[in-house]
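Chemist:
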Amino acid sequence: MVLLQWCQLRPQGPIGNIAAVFFTKPVQVSSIRIFPTGGQPFIKAPEIVATTEPEAFFLDVFFNALSLQPITGNQAKNILVPSRITYTGGELDFGVELGTEYATRLIIFKGLFKEAAMAIYGTIVANPPEVTEYEPRPLPVSSMQTLPAVLDVARSVNPTSLANQLLGLIPSPAPLTLVMRLMFCLRPEKEDWDNPQFPYVYAHLDQILEDDDIESEVLDLQTLVQSVSKPLKDNISSDLLTEFAGRMRDLFGSDPTDNAFYVAQLLKKSACQQSTFAKALLQQIDLLDIFNEQTLDKDTSTCLAEAVCNAEIARYLFQDTPFIQILEDLSKNPKKNKTIQPILKKILSRIHGWQTFEDALSNPDGDFLAGAAFLKEISGEEFALGCWLESILSHEVLSSKLAAHPIPVEPRPQLPLLFERTPEITQEGFILFVRAFLGVTTVLGILVWADSLGGDDPCCERTLSVMILWQGAHGYREIMNHCLLLRQMTKRLEWLKNDEDDQRPKKPGILVERLLLGLATEPQAMLSAELVGSVLALKPPFCYISSDEVLEMEKLASVAQDGILSAFEEISFDSVRPFSVRRLRVLRVSIAIVVGEISSGDENVKWRILEMFWKERSQGLIQRLIAILVDITEDLNKHFQLGLQLKIHQALTELLMRTGDELIRLISCFIHSYPLPSRDLKTLTTSMVDIYVCSDAARNTLSPSSPTYSAAYPLKQTCLDTFGDLLKPNVSSDNETQAVRVVFRTILEHASHSSGRDPVHHITQILNVLDHVLPHPQDDQTSWSTILPHALHEVQTFCALLDPPNQLHFIKLVVAVDRGETGLGDWLIQEYLNELTRLVEAVTNLRHDPDYLYVLQYQLSTAIQLGELLLTSQDTSPWMLMALSSNADISSALSLWLSLVLDANITSAPLMRLARELGKHHETFQPDLRFNILLVILRNAQQDPSVEAALDFVPALLKSLEPSDVNVESLRNEIGRVFAAFADHAPTMQSNISEVLFQIIEWLSSQDNIKLTTLTGVSPDGFDYLCTNLSSLLPPEQQIGLSDVRSKLTVDDDQIILPDSIELPESLALPLQSIENLLSTKKKEPSTPKAGTKTPDILGVIISPPTAILRSPAATGLTKTYANNDFRQLRSSTATRLNTSRLPSTHVDEFENAAMAVDLLPAIDPTVTMAFQGLAGSLPFDG
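Start counting the sequence shown at 6; every next residue gets the next number (the numbering used here).
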């Protein structure tokens, strides 16, 4: 970046308000800097002095944009790009973003100014050099920007240090605690502002007590309350406070209601003062005598609710158990006034909230979310927030607890969003949040103080600048936007914006515009009547907010102001797709209005809202909300689909997620009371599944500092919570059908529809949903015995989409839910074995395409892995073995599959491990199954004799079989080939293998059947060589035994030929062309059957002898000249059709009837989801 132009710009023309800067070459401007009068722009040229008049003005800027790309079509060669500069004085930089594809040679300035000193910076556009070779460059590494240490109060030992620094910008600054009291709690009177001693205007309790004359009734409780409306001195004596409290007790009158009211007011006044004042008052009263069922009216309860915002008062009341019990009883008493009960509940909530908050400061296992909720509630009222600040700043116990925690070092933990639903946090994160909350609220108090003092001091401007930075920082933004909704804060922002002198811009006004723009985009913020009024009261000109943003803010404010009917209108409006940012914000405000109506109403408010929407818009509210959710889902899917995506629209994606979250939560408010039709329930379920998967994708791919990442977690949790509600047995659908039946089946069915997203991730996340929402063994599962039988097909199909580990997990889930009531586990095993049989038959079909055959082999390999996992898992092994041993059908199916594996000569490492697992538990199996297991172990041992446990359990299996259970030919052939294989590896044989081989030879020699003592498949020399090596490895006593049994065995020289072995792959790797061929559809080419000898048979009526032509009454038609369509009539004649010696052409029939959807992969789901899931795992079930 270089200096392109320095100029003293003076307007010209008849009106005198236009100036221009022309460049001799195209340039790309990056920034424009304006200097104030008297400024020296260049250090090396002190003689150049800037002149800019007036001190502040608006400047419209027009750039003549020239495209650096070739002009095509009707594109304009010259474009004027407008912008605006708001100069508020001082040396200011204004960034310019025209993009790298545009340049300019002319800049036009228009405004009411006399002279402006400016420097224009940028680069001169030159033709780029020709690239002759590729130079690799490293990819940019994104890093999270952090706040400067002075602004990052969450990581400061003293979070109020920034507030004190800002306060120091005001001449003769007051103490921070005094400022907080005056701004939030003890509002100064008008005459106090004119007092020369202000802000040090205190309450003089000693004078009031000295002037007291009880007999003349000069002093009463009301006078005492008025006397403490000003702050107390920090050095006030405890004796004076005790005397004041005693005088309060002496002034109790005969009316207990008045006594309670004035005591509550005194406690409220003391809540924002020194803690010793509240202690003195509380020690002079009996809580149950003063506050009871007769005296706790609305006004008294309200004052008490504000008083317990002080930590000392809340602790004192919490320790009085009878008083707390009275409050709890009254808050639940149906006879009590309904307007008082919410206030009593607030009192209890704040008392318990203080205990939770204090515990969280010192207890690593405290309830941190409840502590944050306490801060959110207490900061919703100015007086309550002031009392909390007084307690934190002045109470030594609390401040020491907060200061006891060290500042976290690198890596810097992220500030948690505790005002939203967040994952579990640690105490370290909670302490960061509390420090940030304390720092932000004290700075807001400084803004109020600086604005109250008036003038153009830099404190107000600097404080607003800090708030702008916080509004753009993760964690700080949520705290500050929440606290800005306080009535005083909102009104002051409005006054600062509209306080423009002579329409000239001021920097505070610009900063306030930025704050209001960021605040108005939050739907909950727009429910604040104060913010709505401030937005609608904003006056032009606007320095930062664009005209479109002004219209959007006014739209949001008008919807919020009009209330529920306006919200209904926006919800029923058909949105233009895809959703725009403005439309989503309007929808969020509308949803927030409806939610607010529900939360603030009684039990029947939901029905009234549904009825009102039907009358106003002639449609169902729930159905309309679901329709909007479907549209939200479709738009959100587009941001996470597979394909080249250069950049995700963060603002739009975040709004889509937050709108979806709020929609689902609103819909869930009705699902218990008002059953949904099955169709709507299915639509809602599929949309929530897609949204859940998208939110998980955002959490996995985006930066934790991005707004979309922050919006994804609460959305995921909302989906899980809603699924959990829908899967409860007490939720019903139409026709009294349980919603759980519809939802469960729909979730499983939707697994094969990933909507263009990553199919593997889609399926895995559906399993994750089921893992979270299916009931646990300790939960009530009475309804699932009637649900699972209706979802067998869906269970089977979904299981087929998973890889073996996830298949095992899913089977565990459904078997645990079933608890053996419907026999789902046995049914799954039976279908699994049927699928194994089908796969074996498929891999032996040589007519398949080689690539497809390879895929089938991989499917069989992964299916075998599932069997191994089922047998080795502690959760599934017991019932798996029980089913194999006690269910004859399952045992026969497994035996049949093993025999097919032997016939096809299939081998693989998973098959070997599976066979050994089966052999380990052979005692409980049927004899035919045991024999096939034995043969499979022997067959696999031949492939790799080096495996240490290749022959485990073989001797035990041999001894467990009766002679009638053995197929002699098969057994001796397999054993002979095992001997041959181990003879080839005899030099490397281990001693444990030699003992197993000796036991096999010993068993053969003990058999009565002569065929078993005659070995086949091994040569005599090979067997002798094997025995020689065995003798060298066996102990002496077994060497003698080997010599004896060897003499009983003979070897047959006949060679046994087996079919070629099929080695199953353990991984799937295919060329890209092969994958394309597998996923493409091959069409049958038209053909005509070849001519051949036609033998007359019973179908001779169709293929007749040539002599039949002579007998045909239509024979003369063979030489007739046809006209028009006569030939069609002839062809319709029966005789004509009978007398033909040539088969009809099949061109048309085959081509037209060829199914365009004929799948090249009949055993694989035709979608990409299924095909490529096969690359990652097995598909054992036929979907």
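Note that beta-carbon positions come from the ideal geometry of N, C-alpha and C, so glycine has one too.
#1: Are the beta-carbon atoms of A656 and V591 separated by less than 8 Å?
#2: By how many angstroms is the C-alpha of E387 removed from the C-alpha of S539?
#3: Less than 8 Å between C-beta atoms, sequence neighbours within five positions excluded: which residues of the same chain meet that for V537?
#4: Give a yes or no on whether the C-beta atoms belonging to L191 and K119 are separated by under 8 Å.
#5: Rounded to the nearest angstrom, what separates P204 and F442 at their Cα positions?
#6: Going by the beta-carbon positions, is the gap between P583 and E659 smaller than 8 Å?
#7: What number of angstroms, rounded off, separates the C-alpha of N503 from the C-alpha of I484?
#8: In terms of DSSP beta bridges, what is F99 paired with?
#9: Any idea which residues DSSP pairs C12 with across the strands?
#10: Here's a check: name, in chain order, each residue in its chain whose Cβ is nearer than 7 Å to the Cβ of D856, leaving out the five neighbours to either side.
#11: Looking only at its own chain, which residues have a Cβ that is under 6 Å from the Cβ of P261, when we skip the five neighbours before and after it?
#12: State buried or exposed for V141, treating a residue as buried only when at least 16 other CB atoms are found within 10 Å of its CB.
#13: Following the continuous alpha helix (DSSP H) through N937, name the residue where it begins and the one where it ends.
#14: At the level of alpha carbons, what is the spacing between G371 and T361?
#15: Locate the beta strand (DSSP E) running through P87, then write down its first and last residues.
#16: Since I believe Q835 is in contact with D894 (beta carbons under 8 Å), could you give me their beta-carbon distance rounded to a whole number of angstroms?
#17: How far does the alpha helix (DSSP H) with K406 in it extend, from its first residue to its last?
#18: Report all residues from its chain with a CB closer than 6 Å to the CB of L731; omit the five preceding and five following residues, and keep chain order.
#19: Taking the Cβ atom as the reference point for each residue, do L841 and L793 lie within a distance shorter than 8 Å?
#20: Using 8 Å as the threshold, is the region 110–125 in touch with the region 58–65, meaning 3 or more CB pairs across them?
#21: Would you check if the distance between the CB atom of L309 and the CB atom of L366 is smaller than 8 Å?
#22: Among the candidates V906, P780 and Q870, whose CA atom is the shortest distance from the CA of L813?
#23: Select from L422, E401 and V402 the residue whose C-alpha is nearest the C-alpha of F373.
#24: I think L292 touches F328, with their Cβ atoms under 8 Å apart; what is that distance to the nearest whole Å?
#25: Helix or strand or just coil, what does DSSP make of E425?
#26: Less than 8 Å separating the beta-carbons of L689 and L634?
#27: If you compare alpha carbons, which of V848, R750, Q476 and G924 is closest to K687?
#28: In whole angstroms, give me the CA-to-CA distance for Y697 and N850.
#29: Can you tell me the Cα-Cα spacing of L380 and E429, whole angstroms?
#30: Using 7 Å as the cut-off, classify the Cβ of V600 as near or not near the heavy atoms of the ligand SAH, replying yes or no.
#31: Considering only the alpha carbon of each residue, which of V778, L668, L630 and L543 lies closest to S577?
#32: Is it the case that the Cβ atoms of Q931 and A986 are separated by a distance below 8 Å?
#33: Can you name, in chain order, every residue of its own chain whose Cβ lies under 6 Å from the Cβ of S700, other than the five neighbours on each side?
#34: I need the straight-line Cα distance from V101 to I84, nearest angstrom please.
#35: When the Cα atoms are used, what is the spatial distance from S306 to W612?
#36: Opposite V158 in the DSSP bridges: which residues?
Modeler: In short, the structure shows the following:
#1: no
#2: 18 Å
#3: M531, A562, A565 and Q566
#4: no
#5: 26 Å
#6: no
#7: 25 Å
#8: I37
#9: M123
#10: L1075, S1079, N1082 and L1083
#11: T300
#12: Residue identity check: residue 141 is Pro in the sequence provided, not Val. So P141 ends up on the exposed side.
#13: P932 to Q948
#14: 7 Å
#15: N83 to Y92
#16: 6 Å
#17: E401 to A408
#18: A744 and V748
#19: no
#20: yes
#21: no
#22: Q870
#23: L422
#24: 4 Å
#25: coil
#26: yes
#27: R750
#28: 42 Å
#29: 18 Å
#30: For the structure depicted, the ligand SAH is absent and the ligand set is empty, with no information on it obtainable.
#31: L630
#32: no
#33: A717, L720 and K721
#34: 16 Å
#35: 32 Å
#36: Looking at the DSSP assignment, V158 forms no beta bridge with any residue, so it has no partner.
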